[in-house]
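Number 474 marks the last residue of the sequence shown (the numbering used here); no jumps. From the three backbone atoms N, C-alpha and C, an ideal C-beta is built for every residue, glycine too. All remarks here apply to the structure that follows.
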Amino acid sequence: MSTSLDAILSLSKRKGFVFQSSEIYGGLNGCWDFGPLGVELLRNIKESWWKHMTYRPDVVGIDAAILMHPRTWEASGHVQQFSDPMIDNKTSKARYRADNLIEEHIARLESKGKTEQASVIAARLASVQTNEDFHSIIMEFEIKDPVSGTTDWTEVRNFNLMFETHVGPVASGDAKVFLRPETAQGIFVNFKNVMESARMKPPFGIAQIGKSFRNEINTKNFLFRTREFEQMEMQFFVPPGTEGEWFEYWRAERWNWFTRLGIDADHLRRKPHDKLAHYAAAAEDIEYLFPFGWGEVEGIHSRTDFDLQRHQEFSGKKLEYVDTATKDRYVPYVIETAVGATRTFMAVLCDAYREEEVGTADGGTETRTVLQFAPSLAPTTVAVFPLVNKDGMPEAAQAICQSLQQSFRVDYDTSGAIGRRYRRQDEVGTPFCVTVDGETVSDGTVTLRDRDTMQQVRLTADALEAEIRRRLQA
Ligand code: GAP
C-alpha cells in the first residue's frame, strides 16, 4: 500500500477527524481526540458493529463501569501477568520495551544488508524465556540506545500496563483500583446477572463497547497503539464440547463484518496464533495492511471455561448454567471476539484514502484527494450547495437541506466555485452532493453527484431522499 501515514495524519487534523490530545499544552502521548468528523465516523463504525453483533436473538448488550472491584484483575491474571519487559538507558533516561529494542536493532541490521547477524539475533529473540534472556541479548550484541548511543542499560524489569487510581479521598492501598485494560471482564462478572435477567440460555453472547486503558510503553503509529482506546468485545457462552464449531462460526462472521465495512479484502488476512495461552483452545487474529505493515485489528479466541472458573474461585459465587429440565449444570466455555473501535477507525481511514489524477473543466488534470468510505460510514452523507447565492437558490437549497437532515447528516456549503466545493466534500468522504441551480427554481429538479464516479444525474428534489436511501443500501 503506497498511502503514507503522514498524509493521513495531516488530513485528519486539517479536516477535523483526529487531533492530538491537549495539543495546546504540547500534547499527551498515546492519547487522541476525535473531532467533528471523526466522532461521526467512529460512531458509525460502532453502530455497524453493534447492529451486526446484537441485532439477533442470541446476543444482548451491556455497558459496564470502567472501574471494577480490584479482585477482578487478580482473577483475570492482569495483576500478575499484564506486563511488558522494560529497560531504561541510564544516560538518556529513555525507556524501551526490551523486545522492541531488539527487533528494531534486527531491522536496522537487515536494512544494512547484515542479514546473517540479524538472523542470529532473531533466533535468540525467538527463544527468550526470561527478562535475563532479553538483557543478555542486548548486552552481548551491544545494542545501543538510539538516543544516547550508549549501552549504559539497567536490568530488564516487568512494567504492569494497568493504570492505577484510588476510590475515595484517601490514597491508601485498600482504595486502589485500576482503569480497565479490556472490556471483557465487565462481561464475565455480569454473566449470571445477564443470563438470569434476560432469560438467556447457552449458546448466547454478551456484547459491549467501551473505553479501555493501557499504559503502553511505546505508543506509535497514530491510533494503532494508544493509552486510551475503545474496544468492541463479545463473549459467547457455549455448552462445553461445542466450542470448536462456534469458534469457526465467529471466525467467519467477524471476517464478513470487516469486508462489509468496505475494507478491501486484499488488505485483510487471518493470522492463527502459533503459541496459545495455557487456557486457550484456539486463537486467530484478523490483521489489516496498515501503511507501516500488517497489524492486528481483532482477536478471536476460544478461551475454554478459564475466565468463569477463575471468577468463581475468586468471588466464591457459582457461575454455572443450570438446565431446569434436566438439572444438568456446567460452567460454559467462551468464544471471545475482541476488536478495537479506534484501531478499526484507523484501518477504515487508511483504506478509504486515495489520491487520484482527474480531469479539470479547462482540459487539464489535477490531483483530487478522496476518502472512499462505504457511504453508510461517511461522517456526512450529503452536502447541499446553491450554485450561486442569489435568484432564490439559497432559499431552495436550505429547504432541501432541512428536509434531508430529518434522515441524514447534511452539510450546507455556499463558498467558492462549485468544483472546489465538490473537492472539499471528496476530501472528507461525503458520498453525495446536491446542487441547486437555476432549473431548480423553475422546475424543482436538482443534480445529485456521486463521489466515486463523479457522475451527476438530474432528479426532482422530492425524489432525493428515496434515491439516497437506495444508494446507501446498494
Ligand atoms: N479481551 C481480549 C483483548 O483485550 P487484545 O488483543 O489485547 O484482546 C483486542 O485487544 C483489540 O483491542 C486489539 O485487536 C486491538 O484492536 C485493540 N487494542 C488493544 N490494545 C490497544 C491499544 N493500546 N491501542 C489501540 N487499540 C488496542
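Pair within 8 angstroms by beta-carbon distance, residue 472 and residue 435: On the sequence shown, position 472 is the one that residue 472 refers to. On the sequence shown, position 435 is the one that residue 435 refers to. The answer is no: Cβ separation not under 8 angstroms.
Rounded to the nearest angstrom, what separates residue 222 and residue 9 at their Cα positions? Indexing the sequence shown from 1 puts residue 222 at position 222. Indexing the sequence shown from 1 puts residue 9 at position 9. Distance between the alpha carbons of residue 222 and residue 9 is about 8 angstroms.
Residue range of the beta strand (DSSP E) that includes residue 158: Residue 158 sits at position 158 when you count from the first residue of the sequence shown. Looking at the DSSP string, the run of the beta strand (DSSP E) that includes residue 158 is 157–160.
Where residue 263 falls: helix, strand or coil (DSSP): Reading the sequence shown from its first residue, position 263 is the one you call residue 263. Note: residue 263 maps to coil in three-state DSSP.
Would you grab the beta carbon distance between residue 11 and residue 369 for me? Rounded to a whole angstrom, and I think it's under 8 angstroms. Counting from one through the sequence shown, the residue named residue 11 turns up at place 11. Counting from one through the sequence shown, the residue named residue 369 turns up at place 369. At roughly 7 angstroms, the Cβ-Cβ gap stays under 8 angstroms, so residue 11 and residue 369 are in contact.
Use the C-beta contact count for residue 377: other C-beta atoms within 10 angstroms, 16 or more gives buried, fewer gives exposed. Position 377 of the sequence shown holds residue 377. Its Cβ being crowded by 16 or more others within 10 Å, residue 377 is buried.
Chain-order list of residues whose beta-carbon lies under 7 angstroms from that of residue 227 (same chain, five-residue window excluded): For the purposes of this step, residue 227 is taken as residue 227 along the sequence shown, with counting starting at 1. Same-chain partners within the cutoff: 30, 31, 213, 214, 215, 216, 219.
How about residue 242 and residue 208: are their beta carbons less than 8 angstroms apart? In the sequence shown, residue 242 corresponds to position 242, counting from 1. In the sequence shown, residue 208 corresponds to position 208, counting from 1. Contact: no.
Three-state secondary structure assigned by DSSP to residue 440: Taking the first residue of the sequence shown as position 1, residue 440 is located at position 440. The answer is helix: DSSP assigns residue 440 an H, G or I state.
Going along the chain, which residues of its own chain have a beta-carbon closer than 6 angstroms to the beta-carbon of residue 449, five neighbours each way excluded? Numbered from its first residue, the sequence shown carries residue 449 at position 449. Closer than 6 angstroms at the Cβ level, and outside the excluded window around residue 449, lie 433, 456.
At a cut-off of 7 angstroms, would you count residue 64 as near ligand 1, judging by its Cβ distance to the nearest heavy atom? Working through the sequence shown from its first residue, we reach residue 64 at position 64. Because no heavy atom of ligand 1 lies under 7 angstroms away, the Cβ of residue 64 does not count as near it: no.
Quick one: Cα of residue 87 to Cα of residue 106, how far? As a first step, residue 87 is located in the sequence shown; it is residue number 87 there, counting from the start. As a first step, residue 106 is located in the sequence shown; it is residue number 106 there, counting from the start. Spanning the two alpha carbons is a distance of roughly 17 angstroms.
With distance defined between alpha-carbon atoms, name the residue in 155, 48, 351 nearest to residue 96. In the sequence shown, residue 96 corresponds to position 96, counting from 1. Per the Cα distances, 155.
On the three-state DSSP scale, how would you describe residue 128? As a first step, residue 128 is located in the sequence shown; it is residue number 128 there, counting from the start. Coil.
Under 8 angstroms between C-beta atoms of residue 234 and residue 410: To locate residue 234, count along the sequence shown from 1; it is residue 234. To locate residue 410, count along the sequence shown from 1; it is residue 410. In this structure, residue 410 does not lie closer than 8 angstroms to residue 234 by Cβ.
Quick one, which of 167, 203, 237, 78 has its alpha-carbon nearest residue 158's? Taking the first residue of the sequence shown as position 1, residue 158 is located at position 158. Measuring from the Cα of residue 158, the nearest candidate turns out to be 78.
For the beta strand (DSSP E) containing residue 532, list its first residue and its last residue. Outside the shown range of the chain (1 to 474) lies residue 532, about which nothing can therefore be said.
Indicate the three-state DSSP secondary structure (helix, strand or coil) for residue 1 in the structure shown. Looking up residue 1 in the sequence shown gives position 1. Caution applies to residue 1, whose pLDDT of 48 falls short of 50 and renders its modelled position unreliable; the value that the coordinates give is listed next. Coil.
When you measure from the CB of residue 229 to every non-hydrogen atom of ligand 1, does any distance come out below 7 angstroms? Position 229 of the sequence shown, counted from the start, is the residue given in the question as residue 229. Because some heavy atom of ligand 1 lies under 7 angstroms away, the Cβ of residue 229 counts as near it: yes.
Sequence-distant residues of its chain with Cβ nearer than 7 angstroms to residue 279 (five each side left out): Counted from its first residue, the sequence shown places residue 279 at position 279. Around residue 279: 303, 304, 306.
On the CB-based measure, 16 or more other CB atoms within 10 Å of its CB, does residue 48 come out buried or exposed? Within the sequence shown, the letter at position 48 stands for residue 48. When all chains shown are included, residue 48 counts as buried.
Looking at the strands, I want to know which residues DSSP matches up with residue 105. As a first step, residue 105 is located in the sequence shown; it is residue number 105 there, counting from the start. Residue 105 pairs with nothing; no bridge assigned.
Determine the direct distance from the alpha carbon of residue 326 to that of residue 348, and round the result to whole angstroms. Along the sequence shown, one-based indexing puts residue 348 at 348. Along the sequence shown, one-based indexing puts residue 326 at 326. One C-alpha to the other measures close to 48 angstroms.
In angstroms, rounded to a whole number, what distance separates the CA positions of residue 392 and residue 440? As a first step, residue 392 must be located in the sequence shown, where it is residue number 392. As a first step, residue 440 must be located in the sequence shown, where it is residue number 440. Taking the straight line from one Cα to the other gives about 9 angstroms.
Here's a check: name, in chain order, each residue in its chain whose Cβ is nearer than 8 angstroms to the Cβ of residue 322, leaving out the five neighbours to either side. Against the sequence shown, residue 322 aligns to sequence position 322. Here the set comprises 328, 329.
Residues bridged to residue 333 (per DSSP): If you number the sequence shown from 1, residue 333 lands on position 333. Its beta-bridge partners are 238.
Report the start-end ranges of each alpha helix (DSSP H) in the region 374–422 that is 4 residues or longer and not cut off at the edges. 393–404
Three or more C-beta pairs closer than 8 angstroms, one from the region 53–70 and one from the region 196–206: is that the case here? yes
Going by the C-beta, is residue 340 closer than 7 angstroms to any heavy atom of ligand 1? For the purposes of this step, residue 340 is identified with residue 340 of the sequence shown, where counting begins at 1. Yes, the beta carbon of residue 340 sits closer than 7 angstroms to at least one heavy atom of ligand 1.
Selected residue, minimal CA-CA separation from residue 461, among 454, 442, 80, 453: Position 461 of the sequence shown, counted from the start, is the residue given in the question as residue 461. Comparing Cα positions, the closest option is 442.
State the Cα-Cα distance for the pair residue 454 and residue 351, rounded to the nearest angstrom. Taking the sequence shown and counting its residues from 1, the one referred to as residue 454 is at position 454. Taking the sequence shown and counting its residues from 1, the one referred to as residue 351 is at position 351. Each residue's alpha carbon lies about 19 angstroms from the other.
Report the start-end ranges of each alpha helix (DSSP H) in the region 16–96 that is 4 residues or longer and not cut off at the edges. 36–54, 71–75, 78–81
Residue burial classification, residue 166 (beta-carbon count within 10 angstroms, cutoff 16): Residue mapping note: residue 166 aligns to position 166 of the sequence shown, counting from 1. Looking at its Cβ environment, which holds fewer than 16 other Cβ atoms inside 10 Å, residue 166 is exposed.
Could you tell me which residues DSSP puts in a beta bridge with residue 169? Here residue 169 refers to the residue found at position 169 of the sequence shown. Beta-bridge pairing links residue 169 to no other residue.
Can you find the residues in the same chain that come closer than 6 angstroms, C-beta to C-beta, to residue 98, ignoring five residues on each side of it along the sequence? In the sequence shown, residue 98 corresponds to position 98, counting from 1. Contacts found: 85, 87, 134, 156.
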